[in-house]
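Following: one structure in structure tokens, then a few remarks.
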Amino acid sequence: MSVDGEVVEPGWEVDQDDEWGVAVIATVGRQLKLRREAVGMRAAEFGEAVGYGEDLVYKVEGGKRIPRLEYLDRADEVLGAGGLIAAMKEDVRKVRYPKRVRQLAKLESQAVEIGVYECNSVHGLLQTPDHARTLFEAAQPPYSQEDVERMVAARLARQSVFDRDPAPSLHFVLEEAVVRRQVGGTMVWRQQLERLLEVGRLRNVTLQVMPTNSDAHPGLDGRIELLKFPDGTAVGRSDGAFSGRPITDPKQLRVLELRYGTIRAQALPSRESQAFVEQLLGET
């Protein structure tokens, strides 16, 4: 596809370490090729019909590229597949996100309670699209713009946790410095503050700010995350404990719960935290 004279590929590279993803994209590519050949279309002819180059059609059919969802819609229409190709969009939608992000999103979608302490940046579940994009664009070595957009989409997809019914109990504690940092400039920062206020007003969400002038607390050595599930099991992770690895051992989880509970007790209460964010908005 050509956009302002620049060739844009119809998707993303397949992560070869993602066995399920590789299998899905190989199957999708094979089905696309069989359908194309069944109607007697050459790759170049098909590519012209869907708006992509011949070499990119071969990459998709060969399982080397994750097709964009609109590519599948257009292919279904051009090949007269009656919705059979478009029906593959759900699996492709999942595969286009990195394996690690899919695993995290799955855990978050199953949890009945999520507790997070963040000391470096606004947590991904709370980020606006522009805030997330700015963070990804600041990475070194830099990501390609296509990869940036892919990761932004993956991060925003995780935020469907706010739409779940029944709603999970969500607790966030952010360091004051995180809330004050004007990531992306004034407008992006204001939008992020407004998003924090919006989420903080939800009945199932508690949002707290840890003031910079507070005393030492157990989160000074890094992020803490705790997820609890309906069957009573849990998983946690802390930058400063157990080598940063995810843990499920009850004794280790109790350590993280103690640390997180202490952090919440030292942070500003929810109402004062809301007032603090509103004050920041008023200062701009």
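Numbering-wise, the numbering used here comes out as the position in the sequence shown, counting from 1, plus 3.
Even for Gly, the Cβ is constructed at its ideal location relative to N, Cα and C.
query                                                                                                                 : result
E178 burial status per 10 Å Cβ neighbour count (16 or more: buried)                                                   : buried
Complete runs of the alpha helix (DSSP H) confined to the segment 193 to 275 [at least 4 residues]                    : 253 to 269
Spatial distance of Q277 from G247 (CA atoms)                                                                         : 30 Å
Residues of its chain near L284, where Cβ-Cβ distance is below 6 Å and the 5 sequence neighbours each way are ignored : L196
First and last residue of the uninterrupted beta strand (DSSP E) at Y120                                              : E116 to E121
Bridge-paired residues (DSSP) for F139                                                                                : In DSSP, F139 forms no bridge with anything.
With 16 other Cβ atoms within 10 Å as the buried cut-off, status of P171                                              : buried
Selection from S241, L129 and D234 that minimises the alpha carbon distance to Q194                                   : L129
Pair within 9 Å by beta-carbon distance, D224 and A244                                                                : yes
Span of the alpha helix (DSSP H) around V63                                                                           : E57 to E64
Span separating the alpha-carbon of V151 from that of L82                                                             : 32 Å
Cβ pair L271, V212 closer than 9 Å                                                                                    : yes
Alpha-carbon to alpha-carbon, V98 and D166                                                                            : 22 Å
Supposed close pair R161, E111 - CB separation, criterion 8 Å                                                         : 6 Å
Whole alpha helix (DSSP H) elements within the segment 80 to 106, 4-residue minimum                                   : 92 to 98
Paired residues, beta bridge with H174 - DSSP                                                                         : G118 and T209
For M4, three-class secondary structure by DSSP                                                                       : Caution applies to M4, whose pLDDT of 34 falls short of 50 and renders its modelled position unreliable; the model cannot decide the point.
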